[in-house]
Amino acid sequence: MNSLSRRKFLKISSATVVTAAALTGTLNTIVKSADKINQKQEKGIRKIPTYCDICFWKCGAIAYVKDGKLWKVEGNPLDPLSEGRLCPRGTGGVGAHYDKDRLKSPLIRKSHRGEEKWIEVTWDEAIDYIAEKMKKIKTNYGPEAVALFSHGIGGNFFKHTLKAYGSPNISAPSFAQCRGPRDVGFRLTFGEDVSSPERTDIRNSKCLVLIGSHLGENMHNTQVQEFAEVIEKDASIIVVDPRYSIAASKAKYYLPIKPGTDLALILAWMNVIVNENLYDKEFVENYGFGFEQFASEIQQYTPEWAYPETTIQPDVIRATAREMALHKPATLIHPGRHVTWYGDDAQRSRAIAMLNALMGNWGRKGGFYYPQSMDVVGYPYPEYPKSERGKVDNPDNKYPFAHETITTGIREATLTGNPYPVKGWLVYATNLLQALPNEEETIKAIQNLDLMVVVDVIPSEIAGWADVVLPESIYLERHDDLNVEWFRDPFIAIRQPIVDPPNDQKPNWWMAKKLAEKLDLGHYFPWKNIDEYLENRVTNSGYDYNELKTKGIIRGEKQPIYFDEGVPIEFPTPTGKVEFYSLQLAQAGFDPIPKYLKPKEGPPGYFRLLYGRAPVHSFSRTQTNPVLMDMMDENEVWVNTDVAERYGLENGKYVRLKNQDDVVSNKIKVRVTERIRTDCVYMVHGFGHRSRALSSAYLKGASDAQLITKYEVDPLMGGTAMNVNFVTFEAEV
Ligand SMILES: Nc1nc2c(c(=O)[nH]1)N[C@H]1C(S)=C(S)[C@@H](COP(=O)(O)OP(=O)(O)OC[C@H]3O[C@@H](n4cnc5c(=O)[nH]c(N)nc54)[C@H](O)[C@@H]3O)O[C@H]1N2
Ligand SMILES: Nc1nc2c(c(=O)[nH]1)N[C@H]1C(S)=C(S)[C@@H](COP(=O)(O)OP(=O)(O)OC[C@H]3O[C@@H](n4cnc5c(=O)[nH]c(N)nc54)[C@H](O)[C@@H]3O)O[C@H]1N2
Ligand code: SF4
Ligand SMILES: [Mo]
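Just so you know, we're using the numbering used here here: the sequence shown kicks off at 78 and counts up by one.
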């Protein structure tokens with residue numbers, strides 16, 4: 078933390094002493110008169126290990142309390158994910174505790190949805206209200222009519238309550254709005270997911286290819302650290318991005334591709350690698366299926382063919398293909414993470430999987446390792462009731478390769494009542510109005526509900542639509558479930574409270590247990606408190622709970638992670654091989670080998686809207702964090718110099734963006750730059766908040782989500798591609 082943010086931070090910490098008491102008001106102006114204020118008499122420094130929650134990487138951390146106040150968070154050196162170093166967001170995590178915009182007590186809506194009038198209630202009143210509505214919904218429509226949207230490990234106990242209640246409709250935006258297509262593409266090819274944290278052996282790669290994955294802005298800790306390591310070791314880096322990203326600035330080859338044409342490039346790369354006999358023959362011969370058909374199908378995709386599609390010169394395509402082959406099997410074509418781009422995403426991801434297969438890097442050093450995990454048992458709960466109707470999100474198996482629940486499928490069912498009505502949403506830690514495309518559809522779906530509950534830490538946009546808002550304590554104030562990760566080094570990590578919540582906030586496990594009890598499902602929560610739950614799991618798995626609490630992390634024995642260390646060579650696809658040709662896809666009526674489709678163009682005078690991450694923010698969840706906002710308090714729209722000149726846009730001046738459906742954004746600062754192509758613009762996701770109660774984020778910058786009115790659905794798995802919107806500029810008046 079720099080000295081400026083430190084000063085601000087100290088100022089903010091004293092500003093948390095709140096005195097106002099009110100009965101009704103907007104989401105977070107209500108403060109109970111009996112507010113618990115964090116004024117411990119404690120002196121000195123206390124250190125407590127936990128793990129971070131500013132994003133879902135879950136780095137091991139050590140938090141410090143100084144004179145009774147939360148002071149700082151650092152990396153836990155025992156943690157294999159972070160190796161003792163947090164990313165800037167993790168370090169700034171303390172700001173979440175001191176956030177002055179936090180929700181303070183449970184609220185029930187006073188008027189109609191959309192109007193932000195609330196009554197402060199007790200926890201009993203709030204949970205009684207929810208339980209009563211849920212019982213009614215169960216009687217009238219069945220338990221499946223309540224759905225849970227939940228993102229992150231904090232949702233585990235709510236998931237348990239909902240499963241006990243009898244609903245299988247549990248979903249997160251991390252599938253259909255994020256990594257779903259990638260996991261499907263890799264499953265179809267290797268029979269296995271890439272999983273999270275990704276099983277990418279970046280550290281040992283000699284050639285790393287990043288297709289859009291903007292490591293360095295995307296701050297997933299382990300990956301960024303390993304990326305820095307291979308830059309240091311002079312690995313050959315190839316970056317494909319319409320925008321000159323931070324990663325691009327480290328690359329040997331930077332390919333400023335025309336957005337939406339990556340599949341053409343990947344097919345042309347494979348064409349070169351196959352025709353020049355540069356692939357790993359032994360791997361393909363021993364483990365490949367359908368290589369002959371594949372090799373003949375891709376003959377059409379020459380670098381000369383790909384040139385007008387991608388705008389990447391044929392000699393560059395050839396040179397980069399040869400570069401990849403030179404370093405195989407330690408060449409890693411990164412599978413990406415947020416890959417819901419154009420609608421052909423599962424097929425593009427499959428092509429990336431096949432290109433990796435040509436490098437023979439699966440199970441090999443510098444490619445994809447086999448992640449390991451510790452054997453930790455679950456809590457011995459009673460069995461869940463079985464749902465007769467099954468899930469609501471994917472009627473008639475329309476998206477045959479969706480192996481997780483589709484958020485937008487639940488939204489669709491809520492809108493149409495098909496295949497059956499959905500009448501209640503529990504929303505835990507996901508701002509659906511920023512995370513799902515087309516916010517109007519989300520709002521219309523919400524209007525069909527009998528019950529809408531949001532559990533959040535701040536009055537997010539989605540909380541504004543709830544009937545009941547439940548304020549959660551932040552991750553530094555609570556326990557959560559154990560983190561038993563699949564990674565190159567197996568470990569268990571614990572999250573535990575460092576300080577008390579400042580007001581009447583409660584942890585998710587407490588709410589989920591209380592709700593279950595009020596739903597007459599108390600027997601599903603036989604433990605008294607979470608300490609007992611955690612101790613049970615850890616002790617029954619043969620580990621020392623006290624050791625875990627003291628160290629924060631217990632590491633397991635190192636196990637083999639590569640084929641040559643003894644990992645059995647198995648590919649759980651239908652053929653038992655790496656599938657260059659997919660019978661499954663053919664049978665389901667899809668292309669068994671990916672085919673290129675041109676991306677749809679926008680209207681004349683419009684530019685494709687691209688978006689991504691900033692190193693100091695996470696999605697839409699950190700824009701009220703005083704420490705992180707001090708480093709970046711609004712986003713900018715990146716506009717190419719020539720375009721700016723044509724439209725008379727000046728660097729640092731504000732404009733509004735208008736999309737193809739005439740939706741106009743908040744004002745946003747222009748960043749005139751050569752670092753982006755002329756056919757697109759770019760902004761960081763998560764800004765442009767429109768919830769007034771987010772006083773420090775309200776109307777700061779613009780929201781990409783607001784402009785994403787259009788989306789394409791991936792026919793294989795139901796992912797919603799969002800890079801299909803176009804914007805033009807409107808003068809800011
Ligand atoms: N337009 C657009 N849409 C996107 C993306 C994009 O870049 N642009 N990215 C996509 C991707 S990759 C992903 S993974 C998803 C992410 O989608 P989400 O996970 O929904 O991300 P956020 O928008 O940050 O919403 C998180 C919400 O959780 C709340 N929260 C934070 N901490 C806690 C906590 O401790 N407890 C509780 N109860 N609530 C908490 C925050 O205040 C916020 O309201 O979005 C996807 N959608
Ligand atoms: N700091 C920070 N880090 C994060 C997160 C965060 O919120 N904040 N969120 C985490 C999560 S859940 C995810 S899923 C990841 C997402 O991060 P990644 O998976 O790395 O990135 P994407 O969102 O896929 O892509 C954004 C990049 O793709 C480029 N791009 C856009 N269109 C195209 C195209 O057509 N072709 C190519 N080749 N490139 C294109 C953009 O210019 C941008 O550089 O980040 C993770 N890391
Ligand atoms: S990557 Fe950063 S924000 Fe995410 S868990 Fe690790 S330290 Fe926290
Ligand atoms: Mo994501």
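For every residue, glycine included, the Cβ atom is placed at its ideal position computed from N, Cα and C. Computed from a predicted model, the values in this text were never measured in an experiment.
What do you get for residue i, buried or exposed, if any count of 16 or more other CB atoms within 10 angstroms of its CB means buried?
| i | result |
| --- | --- |
| His600 | exposed |
| Gln370 | exposed |
| Asn363 | exposed |
| His189 | exposed |
| Val108 | For Val108, the predicted model reports a pLDDT of 39, less than 50, meaning its position is unreliable and no value from the coordinates is stated. |
| Arg320 | buried |
| Pro448 | buried |
| Pro514 | buried |
| Glu562 | buried |
| Ile697 | Before going further, note that residue 697 is Ser rather than Ile in the sequence given. By the neighbour-count rule (16 or more Cβ atoms within 10 Å), Ser697 is buried. |
| Trp373 | What sits at residue 373 in the sequence shown is Ser, not Trp. Exposed: under 16 other Cβ atoms inside 10 Å. |
| Arg723 | exposed |
| His228 | buried |
| Asn495 | exposed |
Pop quiz: residue i and residue j are said to be a contact at Cβ under 8 angstroms. What is the actual Cβ separation, rounded to whole angstroms?
| i | j | result |
| --- | --- | --- |
| Asp576 | Val142 | What sits at residue 576 in the sequence shown is Val, not Asp. Going by Cβ atoms, the distance from Val576 to Val142 rounds to 6 angstroms, so yes, they are a contact pair. |
| Leu611 | His556 | 7 angstroms |
| Val261 | Met794 | 5 angstroms |
| Ser182 | Pro548 | 6 angstroms |
| His762 | Gly666 | Their Cβ separation, rounded to whole angstroms, is 34 angstroms, which puts His762 and Gly666 out of contact at 8 angstroms. |
| Thr482 | Ser248 | 4 angstroms |
| Val317 | Leu287 | 7 angstroms |
Are residue i and residue j close, meaning C-beta to C-beta below 9 angstroms?
| i | j | result |
| --- | --- | --- |
| Tyr658 | Phe263 | no |
| Leu528 | Ile207 | yes |
| Met532 | Tyr505 | According to the sequence displayed, residue 532 carries Val and not Met. Result yes, Cβ atoms of Val532 and Tyr505 sit closer than 9 angstroms. |
| Gln254 | Thr485 | yes |
| Leu158 | Gly191 | no |
| Arg414 | Pro671 | no |
| Glu400 | Tyr330 | yes |
| Lys595 | Ile139 | no |
| Asn153 | Gly161 | yes |
| Pro712 | Tyr456 | Sequence check: residue 712 is Asn here, not Pro. For Asn712 and Tyr456, no; Cβs fall outside 9 angstroms. |
| Ser244 | Glu221 | yes |
| Leu662 | Leu340 | no |
| Asn525 | Leu686 | no |
| Leu553 | Ala173 | yes |
| Val416 | Arg632 | no |
Under a three-way DSSP split, which group does residue i fall into?
| i | result |
| --- | --- |
| Ala522 | helix |
| Val615 | helix |
| Glu481 | coil |
| Arg770 | The sequence given here places Ala at residue 770; Arg does not occur at that position. Three-state DSSP puts Ala770 in coil, outside helix and strand. |
| Ser91 | Only weak support is given to the placement of Ser91: the predicted model assigns it a pLDDT of 29, under 50, and the question is left unresolved by the model. |
| Cys132 | coil |
| Asn153 | coil |
| Gln449 | strand |
| Gly413 | coil |
| Thr701 | coil |
| Asp533 | strand |
| Val198 | coil |
| Asn115 | For Asn115, the predicted structure reports a pLDDT of 48, less than 50, and the residue's modelled location is therefore unreliable. A value from the coordinates is still provided. It is coil, neither helix nor strand. |
| Ser290 | coil |
| Ala383 | helix |
| Thr491 | helix |
| Pro220 | helix |
| Cys164 | coil |
| Lys591 | helix |
| Phe812 | Outside the shown range of the chain, which is 78 to 810, sits residue 812, and nothing can be said about it. |
| Ile277 | The displayed chain sequence assigns Thr, not Ile, to residue 277. Reduced to three states, the DSSP call for Thr277 is strand. |
| Pro126 | strand |
| Arg752 | coil |
Please find out if some non-hydrogen atom of ligand 6 comes closer than 8 angstroms to the beta-carbon of residue i.
| i | result |
| --- | --- |
| Glu374 | Ligand 6 is absent from the structure shown, which contains only ligand 1, ligand 2, ligand 3 and ligand 4. |
Q. Relative to ligand 3, what is the chain-ordered list of residues with a Cβ closer than 5 angstroms to any of its non-hydrogen atoms?
A. Cys129, Ile131, Cys132, Trp134, Cys136, Leu163, Cys164, Arg166, Gly167, Asn298
Q) Which residues have their C-beta within less than 7 angstroms of a heavy atom of ligand 4, listed in chain order? A) Ser251, Cys255, Arg256, Arg414, His415
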